[in-house]
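Colleague:
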Amino acid sequence: MASYSTIKLSITDNGVANLVLDRPEKQNSLSPELHHELLDALDTVEEENGRVLVISGNGDAFCGGMDLERAFLRPRRDGPQEFIQANAAILEAMTRLKHYPIPTVAKIDGWTFGGGYELMGVCDFAIARDDATFGLSEINFGIFPGGGTMWATVHTMNRRKAMYYAATGETFTGNEAEEYGAVTMAVPGEELNQTVDDLVESLLEKNPVTLRFNKEVFEKSRYMTFEDSVDYEMAKMEEMSYLQGEDWIETALKQFEDREFRPGLESYDTGNTDD
Ligand code: ACO
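With my numbering applied, the sequence shown covers 3 to 277.
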């Protein structure tokens, strides 16, 4: 596996990829080097058949947003092309992450600003410390949340809260983020690791092909009419069944027929976990 200087990446034997933003001295802000390393890591996790991706930050921050000097100030002074070039990789990485084929979990242990909010927002799940601090601070230095951050904001918070925080730059806590729907769950700091581990374990129990389709259908259905969605979901169901080898019939519902599990309360045994 490649070695990195701004992130750390490890993948466990059962496919849990832990990607740690590792610029604690700069609050894990997103420098151009980190943009490229993040993209490379996303390739690596796919190549190595990662099953769940967990993104976290080293130190006081999950992510302090874009590196305001190295990604914005200096390249902007150098010229428009330099600015575009300095930021192309992070735009690609955010887009990749939004469509990433395996479940993605943002583990929020501290400061989360601007581009850091976007990084969290394009992940499927976000588990935060209840006292973590979030902010859309762009307005504080004269721009609006851009490059996908506005999208992440309006898709993770209701209209009133999204506009309030984008326009004022006020910060909000993990608890408030949970209340607004911006994170999946906020928990006391001492419970953060266990809560993320439990979520990861639950995801590992599921059929990975189904999880991939679940995400794709979830995202697209949000923009469809009901009638289009019925059609689309039925077609996708057939594609999924084919690609998983009819596992839902041959294994899952067979286990139900044999009364080996209660689907309302637990997952069927996919054979993917040790228990
Ligand atoms: N870009 C570049 N450097 C940063 C960033 C950033 N986004 N965030 C923090 N740093 C640097 C600080 O300048 C400081 O560097 P220095 O040691 O060379 O002075 C170092 O990281 C440590 O940060 P402090 O400010 O000393 O830490 P403190 O705990 O006092 O404050 C806080 C933390 C609130 C996160 C503060 O660093 C801050 O306001 N950072 C900027 C957050 C932000 O607005 N990000 C941009 C979002 S908008 C976007 O992403 C497009």
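Positions of the beta carbon are idealized from the N, C-alpha and C atoms, including for glycine. Remember, predicted model here, so these are calculated numbers, not experimental data.
#1: Under 8 Å, do A154 and V185 count as touching if we go by C-beta distance?
#2: Just to be sure I understand the criterion: a residue counts if its Cβ is closer than 5 Å to at least one heavy atom of the ligand ACO. Which residues meet that?
#3: Taking all protein chains shown into account, decide if M242 is buried (16 or more other Cβ within 10 angstroms of its Cβ) or exposed.
#4: Does the stretch 39-59 come close enough to the stretch 108-128 to have 3 or more Cβ pairs within less than 8 Å?
#5: Helix, strand or coil, according to DSSP, for M242 in the structure here?
#6: Please work out which residues of its chain come closer than 8 Å, Cβ to Cβ, to K238, disregarding the five sequence neighbours upstream and downstream, and give them in chain order.
#7: Identify the continuous beta strand (DSSP E) that holds K10 and give its terminal residues.
#8: Specify, as a first and last residue, the run of the beta strand (DSSP E) that R131 falls within.
#9: Which partner residues of K28 appear in the DSSP bridge assignment?
#10: Tell me the residue span of the beta strand (DSSP E) that contains V124.
#11: With a threshold of 8 Å on Cβ separation, who are the neighbours of Y166 within its own chain once the five nearest residues in sequence on each side are excluded?
#12: Identify the residues that DSSP records as bridge partners of S58: which are they?
#13: With a threshold of 8 Å on Cβ separation, who are the neighbours of L21 within its own chain once the five nearest residues in sequence on each side are excluded?
#14: Taking all protein chains shown into account, decide if L23 is buried (16 or more other Cβ within 10 angstroms of its Cβ) or exposed.
#15: To the nearest angstrom, report how far apart V18 and D199 are at their CA atoms.
#16: State the start and end residues of the unbroken alpha helix (DSSP H) segment that holds M187.
#17: Give the DSSP-derived three-state secondary structure of R109 in the structure shown.
#18: Consult DSSP for T272 and reduce its assignment to one of helix, strand or coil.
#19: Return yes when the Cβ of S7 is within less than 8 Å of the Cβ of E35, no when it is not.
#20: Applying the criterion that 16 or more other CB atoms from any shown protein chain within 10 Å of the CB defines a buried residue, is M3 buried or exposed?
#21: Expressed to the nearest angstrom, what Euclidean distance is found between the alpha-carbon atoms of D45 and C65?
#22: Which first and last residues belong to the alpha helix (DSSP H) in which A4 is found?
#23: Under the three-state reduction of DSSP, which class applies to A134: helix, strand or coil?
#24: Just to confirm, are A73 and S33 a CB contact at a threshold of 8 Å?
#25: Threshold first: 4 residues or longer. Then list the alpha helix (DSSP H) segments lying entirely within the stretch 131-219, N to C.
#26: By alpha-carbon positions, which one of A128, G176, H157 ends up nearest to G137?
#27: Is I141 closer than 8 Å to A168 when the C-beta atoms are compared?
Modeller: Checking against the coordinates, here is how it stands:
#1: Here residue 154 refers to the residue found at position 152 of the sequence shown. Here residue 185 refers to the residue found at position 183 of the sequence shown. At the C-beta level, A154 and V185 stay beyond 8 Å of one another.
#2: In chain order, the residues that have a beta carbon nearer than 5 Å to some heavy atom of the ligand ACO are K28, Q29, S31, G66, G67, M68, D69, L70, W113, F115, G116, G117, S139, E140.
#3: Along the sequence shown, one-based indexing puts residue 242 at 240. Buried: at least 16 other Cβ atoms inside 10 Å.
#4: Yes, they touch.
#5: Counted from its first residue, the sequence shown places residue 242 at position 240. In the structure shown, M242 sits in a helix (DSSP, three-state: H, G or I).
#6: To locate residue 238, count along the sequence shown from 1; it is residue 236. Listed in chain order, the non-local C-beta contacts of K238 below 8 Å within the same chain comprise F215, E218, V219, local neighbours out to five positions each way being set aside.
#7: By one-based count along the sequence shown, residue 10 stands at place 8. Per DSSP, K10 belongs to the beta strand (DSSP E) from 9-13.
#8: For the purposes of this step, residue 131 is taken as residue 129 along the sequence shown, with counting starting at 1. Taken as a continuous stretch (DSSP letters only), the beta strand (DSSP E) holding R131 covers 127-131.
#9: Within the sequence shown, numbered from 1, the residue matching residue 28 stands at position 26. Its beta-bridge partners do not exist; DSSP assigns none.
#10: Residue mapping note: residue 124 aligns to position 122 of the sequence shown, counting from 1. Residue range 117-124 is occupied by the alpha helix (DSSP H) that includes V124, with no beta strand (DSSP E) assigned at that position.
#11: Translated into positions along the sequence shown, residue 166 becomes position 164. Setting aside the 5 residues that flank it on each side, Y166 is surrounded in the same chain by E172, each with a C-beta closer than 8 Å to its C-beta; the list follows chain order.
#12: For this step, residue 58 is matched to residue 56 along the sequence shown. S58 pairs with V22.
#13: Position 19 of the sequence shown, counted from the first residue, corresponds to residue 21. I9, K10, L11, L40, A43, V47, L55, V56, I57, S58, listed in sequence order.
#14: As a working note, residue 23 is residue 21 in the sequence shown. Classification for L23: buried.
#15: Within the sequence shown, the letter at position 16 stands for residue 18. Within the sequence shown, the letter at position 197 stands for residue 199. If I take the Cα positions, the gap works out to 10 Å.
#16: For the purposes of this step, residue 187 is identified with residue 185 of the sequence shown, where counting begins at 1. Segment 187-189 is the beta strand (DSSP E) holding M187; no alpha helix (DSSP H) there.
#17: In the sequence shown, residue 109 corresponds to position 107, counting from 1. A small fix is needed here, since residue 109 is Lys in this sequence, not Arg. Looking at K109 - three-state DSSP - the assignment turns out to be strand.
#18: Reading the sequence shown from its first residue, position 270 is the one you call residue 272. Judged by DSSP in its simplified three-state form, T272 adopts coil rather than helix or strand.
#19: Locating residue 35 in the sequence shown gives position 33, where the first residue counts as 1. Locating residue 7 in the sequence shown gives position 5, where the first residue counts as 1. Yes, Cβ-Cβ distance for E35 and S7 is below 8 Å.
#20: Looking up residue 3 in the sequence shown gives position 1. Flag for M3 reads exposed.
#21: By 1-based counting over the sequence shown, the position of residue 45 is 43. By 1-based counting over the sequence shown, the position of residue 65 is 63. Here the alpha carbon of D45 sits roughly 21 Å from the alpha carbon of C65.
#22: Along the sequence shown, one-based indexing puts residue 4 at 2. A4 -> no alpha helix (DSSP H), and no H or E assigned at all.
#23: Taking the sequence shown and counting its residues from 1, the one referred to as residue 134 is at position 132. Three-state result, A134: coil.
#24: In the sequence shown, counting from the first residue as 1, residue 73 sits at position 71. In the sequence shown, counting from the first residue as 1, residue 33 sits at position 31. Closer than 8 Å, so yes.
#25: List check, alpha helix (DSSP H) in window: 151-156, 161-170, 176-182, 194-206.
#26: Along the sequence shown, read from residue 1 onward, the residue named residue 137 stands at position 135. Of the candidates A128, G176, H157, the residue whose Cα lies closest to the Cα of G137 is G176.
#27: Reading the sequence shown from its first residue, position 166 is the one you call residue 168. Reading the sequence shown from its first residue, position 139 is the one you call residue 141. Going by C-beta atoms, A168 is nearer than 8 Å to I141.
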